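These notes are about the structure you will find just below.
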Amino acid sequence: MPKPLPIAATFSKSPVFWGVDFEPKELAWGVGAHVYDRAGNRYLDWVSGLGANLLGYANVDFCCRLADQAFEGIGFSLPHVLEARVAEKLANLLGTHVPGWSPDTLGVRFGLSGTDATTMAVRLARAVTGRQRVLSSGYSGWADWSIGKTPPAWGVAPQNVVDLPFNDKQQLVELAVVVKPDDAPAAIILEHPMVDPEPNYYEYVRHICDKTGALLIMDEVVTGFRWALGGASEVYGIKPDIVCYGKALGNGVPISAIVGHRAYFEWFERNDPVFVSSTHFGNALSLAAADAVLDIWDQWGVWHLWEMGNDLMEGLRLCQIHGYRVIGHGPRSLIQFDSPEERAYFIVGMRDRGILMNRPILPNLAHMAEDVRLTTEAAGEVWTEMQKIDVKEVMRERLPRVLFEER
Numbered sequence: 271m272p273k274p275l276p277i278a279a280t281f282s283k284s285p286v287f288w289g290v291d292f293e294p295k296e297l298a299w300g301v302g303a304h305v306y307d308r309a310g311n312r313y314l315d316w317v318s319g320l321g322a323n324l325l326g327y328a329n330v331d332f333c334c335r336l337a338d339q340a341f342e343g344i345g346f347s348l349p350h351v352l353e354a355r356v357a358e359k360l361a362n363l364l365g366t367h368v369p370g371w372s373p374d375t376l377g378v379r380f381g382l383s384g385t386d387a388t389t390m391a392v393r394l395a396r397a398v399t400g401r402q403r404v405l406s407s408g409y410s411g412w413a414d415w416s417i418g419k420t421p422p423a424w425g426v427a428p429q430n431v432v433d434l435p436f437n438d439k440q441q442l443v444e445l446a447v448v449v450k451p452d453d454a455p456a457a458i459i460l461e462h463p464m465v466d467p468e469p470n471y472y473e474y475v476r477h478i479c480d481k482t483g484a485l486l487i488m489d490e491v492v493t494g495f496r497w498a499l500g501g502a503s504e505v506y507g508i509k510p511d512i513v514c515y516g517k518a519l520g521n522g523v524p525i526s527a528i529v530g531h532r533a534y535f536e537w538f539e540r541n542d543p544v545f546v547s548s549t550h551f552g553n554a555l556s557l558a559a560a561d562a563v564l565d566i567w568d569q570w571g572v573w574h575l576w577e578m579g580n581d582l583m584e585g586l587r588l589c590q591i592h593g594y595r596v597i598g599h600g601p602r603s604l605i606q607f608d609s610p611e612e613r614a615y616f617i618v619g620m621r622d623r624g625i626l627m628n629r630p631i632l633p634n635l636a637h638m639a640e641d642v643r644l645t646t647e648a649a650g651e652v653w654t655e656m657q658k659i660d661v662k663e664v665m666r667e668r669l670p671r672v673l674f675e676e677r
């Protein structure tokens, strides 16, 4: 029998990012905060499907909603009734919680992935402003317009896409204001990083957008619904023109959305429209997933993520030695190591104790205080082991691959 091809649907899920010869290479099912491989081995999962798993695996209410919709149909030849319902729920929720927004002034457009959302938003901004140049801070997906600025990448080099350092007001002015009129930006797209903004940074970005006529796009594919019901925009008082959502919106089922001022979204309906179309956009199963998440998720869920995440960060900080650093926020954090060998040993050591923990750490609704306790105890054991051996020698040939550094 031929050997299976060494593939993974996404770079970030590939076993090579966990280490050479890392096991398990595949997972079979999950319940709550735990996942199981084909041999039945159980692991406490802090990666949460790259942040897409918001409610926990096999959430009963969520799964029943999906099963009901699957029996009723998935891919239809006209828009499904759920499309308007989910759009209205998003508009009502975000219009209440995102600063400067109102439910009756918003438009919504659905995609499947975070890349779909950011690409739609950038395309819309270019059409609305009649400009091409985009200032981009953070990782906004694998499309050619974005990925060419994030080596290594074999996409088409992005024309008029400029990397914008986060928290650097001087660079922002130089890239957005002190330019030729033809180089004025169509949009500034920001992904909120692991660090907090400098005082008034987001307000200053808003000011620069107003001054130059650029649209402010917040990439909240990761932070949306995790940071707050209104995402990082609510937490930091950001007033965006368009926000991109994904991951948690479908609890593991592919769906994304852009939400923003309705006047911009009318460009999708013009006689010469901004063209966005895909067979599976707006499929009923994805919409049912988002519909269920929006019914289940509430302020208590947000609080729970912050509590579990903050407790875990504090526990890791208490047991860390020799300068390991835990950065980020409760809903998304990261352990920084002094060398790739130390990171590799930690990943394998935690795996050996039944815990999947890589970068970043993303709690979900099913994580509980006992999970935090077990994880911090295991981390302490691994760190103690690391002081007794030559980690660089032991892990020299077993390093996980690193494609992007978390900001």
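Letter by letter, the sequence shown follows residues 271 to 677 in the working numbering. Even glycine gets a Cβ: it sits at the ideal position worked out from N, Cα and C. Note that the coordinates shown come from a computational prediction; the quantities given were computed from them, not determined experimentally.
Segment limits, beta strand (DSSP E) that includes residue i
i       : result
Tyr-515 : 512-515
Leu-405 : 404-407
Arg-401 : No beta strand (DSSP E) holds Arg-401; DSSP gives it neither H nor E.
Val-529 : 526-531
Val-432 : 431-433
Arg-217 : There is no way to answer for residue 217, as the model of the chain reaches only from 271 to 677.
Beta-bridge partners of residue i, as assigned by DSSP
i       : result
His-304 : Val-301 and Leu-314
Asp-489 : Glu-461 and Cys-514
Asp-466 : BP columns for Asp-466 are empty, so no partner.
Phe-380 : Ala-527
Ile-625 : Leu-314
Tyr-327 : Gly-302
Ile-631 : Ser-603
Under 9 Å between C-beta atoms of residue i and residue j
i       : j       : result
Ile-458 : Val-544 : no
Val-305 : Tyr-327 : yes
Arg-379 : Phe-535 : yes
Trp-412 : Val-392 : no
Ile-528 : Leu-486 : no
Ile-478 : Val-431 : no
Ala-314 : Ile-659 : The sequence shown places Leu at residue 314, rather than the Ala named in the question. In this structure, Ile-659 does not lie closer than 9 Å to Leu-314 by Cβ.
Asp-338 : Ala-558 : yes
Phe-616 : Val-652 : yes
Ala-322 : His-637 : no
Ser-406 : Pro-633 : no
Ala-456 : Ala-395 : yes
Trp-570 : His-599 : no
Ser-410 : Cys-514 : yes
Ile-566 : Leu-336 : no
Pro-469 : Gly-370 : no
Val-492 : Met-390 : no
Met-627 : Trp-316 : yes
Asp-374 : Ala-354 : no
Lys-439 : Tyr-472 : no
Phe-551 : Gly-381 : yes
Arg-595 : Glu-293 : no
Rounded distance between the beta-carbons of residue j and residue i, thought under 8 Å
i       : j       : result
Leu-499 : Val-572 : 6 Å
Gly-384 : Ser-526 : 6 Å
Val-368 : Ser-503 : 5 Å
Ala-614 : His-350 : Actually they are not in contact, since the Cβ atoms of Ala-614 and His-350 sit about 46 Å apart, beyond 8 Å.
Ala-562 : Phe-332 : 5 Å
Gly-377 : Gly-530 : 6 Å
Ile-631 : Ser-603 : 5 Å
Leu-582 : Thr-482 : So it is not a contact: roughly 41 Å between Cβ atoms.
Thr-388 : Asp-489 : 6 Å
Gly-522 : Leu-460 : About 26 Å separates the two Cβ atoms, so there is no contact after all.
Leu-363 : Leu-564 : 7 Å
Lys-662 : Glu-584 : The pair is not a contact, with the Cβ atoms about 29 Å apart (cut-off 8 Å).
Gly-494 : Gly-501 : 4 Å
Ala-446 : Ala-484 : 7 Å
Ile-605 : Met-464 : Ile-605 to Met-464, Cβ: 11 Å. No contact.
Glu-296 : Arg-308 : 6 Å
Span of the alpha helix (DSSP H) around residue i
i       : result
Asn-362 : 351-367
Leu-442 : 439-446
Lys-678 : Nothing can be reported for residue 678, as the shown portion of the chain is limited to 271 through 677.
Val-475 : 471-482
Ser-372 : Careful: Ser-372 lies outside any alpha helix (DSSP H) and carries neither H nor E.
Gly-321 : Unbroken run through Gly-321: none, as it is neither H nor E.
Glu-296 : No alpha helix (DSSP H) contains Glu-296, which DSSP labels as neither H nor E.
Glu-504 : 501-506
Interface flag, residue i vs chain B, CB-CB below 9 Å
i       : result
Gly-321 : Chain labels in this structure do not include chain B; a single protein chain is all it has.
Entirely enclosed alpha helix (DSSP H) segments - the region 538-623, minimum 4 residues: 554-566, 569-589 and 610-622
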